[in-house]
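Counting in our numbering, the sequence shown runs from 1 upward without gaps. For every residue, glycine included, the Cβ atom is placed at its ideal position computed from N, Cα and C. Keep in mind it's a predicted model, so treat the numbers as computed, not measured. Read through the structure below, which is laid out as structure tokens, and then see the notes.
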Amino acid sequence: MNREALKQQIFQKGSYLCVGLDTDVRKLPASVRYEKDPIFAFNRRIIDATAEFCIAYKPNLAFYESLGAAGWESLARTMEYIPKHIFTIADAKRGDIGNTSALYARTFFEQYQFDAVTVAPYMGSDSVQPFLHYTNKWVVLLALTSNQGSADFQQLPIMPEGLPLYRVVMERAMTWASPEQLMFVVGATQAHHLASIRNLAPQHFLLVPGYGAQGGDLHAVSRAGLNSDGGLIVNASRTILYASEGNDFDTAAGRQAQHIAAEMRHYLELYAR
1 MNREALKQQI FQKGSYLCVG LDTDVRKLPA SVRYEKDPIF AFNRRIIDAT AEFCIAYKPN
61 LAFYESLGAA GWESLARTME YIPKHIFTIA DAKRGDIGNT SALYARTFFE QYQFDAVTVA
121 PYMGSDSVQP FLHYTNKWVV LLALTSNQGS ADFQQLPIMP EGLPLYRVVM ERAMTWASPE
181 QLMFVVGATQ AHHLASIRNL APQHFLLVPG YGAQGGDLHA VSRAGLNSDG GLIVNASRTI
241 LYASEGNDFD TAAGRQAQHI AAEMRHYLEL YAR
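Set out below in structure tokens:
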């Protein structure tokens with residue numbers, strides 16, 4: 001999916017919500033637990049309930065890989081089921097030497113047909129470049145994440161200028177690709193840094209996890225991060241997936257997604273300029 005198609009979806013739906021399909025087999029309600037493919041049965045009902053209100057889905061690969069071959073089959077069925085006009089992100093956090101990264105890129109862009117994949121930048125440009133060789137596919141580079149441990153390295157000052165490491169990473173990465181191919185991960189719990197990040201990268205889309213269960217502030221994120229193309233993809237996972245523990249989990253998920261999307265529509269009108 002190219003940038004214009006993503007922008008159109010945001011403004012047509014009045015939403016920049018991404019539903020994180022972090023489907024935990026241990027949390028599945030009884031109504032799907034004994035299905036032949038319980039992960040897909042759960043995902044299908046979540047997708048049916050939320051597709052009207054979100055612009056992206058983001059499966060976290062750990063929840064599928066942990067189940068072995070069956071998990072990969074559930075992922076494949078889920079990807080086939082997601083409507084083609086909705087943006088898809090493989091939350092894989094890959095990044096390795098060039099020939100290995102090329103195989104990761106082939107896995108997610110060719111085999112599973114994702115629109116984007118999260119990539120760790122630690123090994124440098126040659127570990128990221130293979131993902132950038134695909135037309136209308138996106139690299140979502142880890143910049144400033146939402147977890148507490150992000151302070152261990154990402155915010156360390158780098159001499160001689162004393163800039164935090166995540167800013168050095170972003171500045172370097174922006175020489176590798178344009179805003180048509182490159183996004184950055186910025187956690188919702190880092191909203192106090194978001195205004196300066198938006199100034200650094202005014203045109204890039206930002207994937208913002210950490211909203212909802214992790215405590216991110218949607219208003220603060222939206223005020224600091226929205227731009228004229230929308231420019232944000234805000235992820236919510238547990239808040240939506242587990243809005244109810246009963247058989248009405250899909251109805252509850254749809255209500256939660258609708259509520260978030262309504263708030264987002266308001267912020268788009270205020271701040272997307």
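Below 8 Å on the Cβ atoms is my contact criterion, and I expect K58 with N235 to pass it. Report the Cβ-Cβ distance as a whole number of Å. Counting from one through the sequence shown, the residue named residue 58 turns up at place 58. Counting from one through the sequence shown, the residue named residue 235 turns up at place 235. Their Cβ separation, rounded to whole angstroms, is 6 Å, which keeps K58 and N235 in contact under 8 Å.
Helix, strand or coil: which one does DSSP assign to Y211? The count along the sequence shown starts at 1 and reaches residue 211 at position 211. Looking at Y211 - three-state DSSP - the assignment turns out to be strand.
Which residues share a DSSP beta bridge with V19? Taking the sequence shown and counting its residues from 1, one reaches residue 19 at position 19. Per DSSP, Y57, A236.
For the beta strand (DSSP E) that R106 lies in, which residues bound it at each end? Here residue 106 refers to the residue found at position 106 when the sequence shown is read from its first residue. It is not in any beta strand (DSSP E) - R106 carries neither H nor E in the DSSP assignment.
Taking the Cβ atom as the reference point for each residue, do A177 and V139 lie within a distance shorter than 8 Å? As a position in the sequence shown, residue 177 is number 177, starting the count at 1. As a position in the sequence shown, residue 139 is number 139, starting the count at 1. Yes. Within cutoff.
Assuming F276 contacts L165 under a Cβ cut-off of 8 Å, what Cβ separation, rounded to an integer in Å, is found between them? Any question about residue 276 goes unanswered here, given that the chain covers just 1 to 273.
With DSSP run on the structure shown, which of helix, strand or coil describes N227? For the purposes of this step, residue 227 is taken as residue 227 along the sequence shown, with counting starting at 1. DSSP places N227 in strand when its eight states are reduced to three.
Tell whether a beta-carbon distance below 8 Å holds between K84 and A116. As a position in the sequence shown, residue 84 is number 84, starting the count at 1. As a position in the sequence shown, residue 116 is number 116, starting the count at 1. Contact flag unset, no.
In the DSSP assignment, find the alpha helix (DSSP H) that holds T50 and state where it starts and stops. In the sequence shown, the residue the question calls residue 50 occupies position 50. Looking at the DSSP string, the run of the alpha helix (DSSP H) that includes T50 is 38 to 50.
Just reading off the beta strand (DSSP E) that W176 is part of, what are its end residues? Locating residue 176 in the sequence shown gives position 176, counting from the first residue. Neither: W176 is in no beta strand (DSSP E) and is coded neither H nor E.
Classify Q256: buried if its beta carbon has 16 or more other beta carbons within 10 angstroms, exposed otherwise. Numbered from 1 along the sequence shown, position 256 holds the residue referred to as residue 256. Looking at its Cβ environment, which holds 16 or more other Cβ atoms inside 10 Å, Q256 is buried.
So, at 7 Å on beta carbons, what are the nonlocal neighbours of G246 in its own chain, with the 5 sequence-adjacent residues on each side left out? Within the sequence shown, the letter at position 246 stands for residue 246. If you ignore the 5 residues before and after G246, its C-beta comes within less than 7 Å of the C-beta of P29, all in its own chain and listed in chain order.
Grab me the residues of E180's own chain with a C-beta within less than 6 Å of its C-beta, minus the 5 sequence neighbours each way, in chain order. Position 180 of the sequence shown holds residue 180. Same-chain partners within the cutoff: R3.
On the premise that F109 lies in contact with Y134, defined as a C-beta separation below 8 Å, what is that separation, rounded to the nearest angstrom? In the sequence shown, residue 134 corresponds to position 134, counting from 1. In the sequence shown, residue 109 corresponds to position 109, counting from 1. Yes, Y134 and F109 are in contact; Cβ-Cβ is about 5 Å, under 8 Å.
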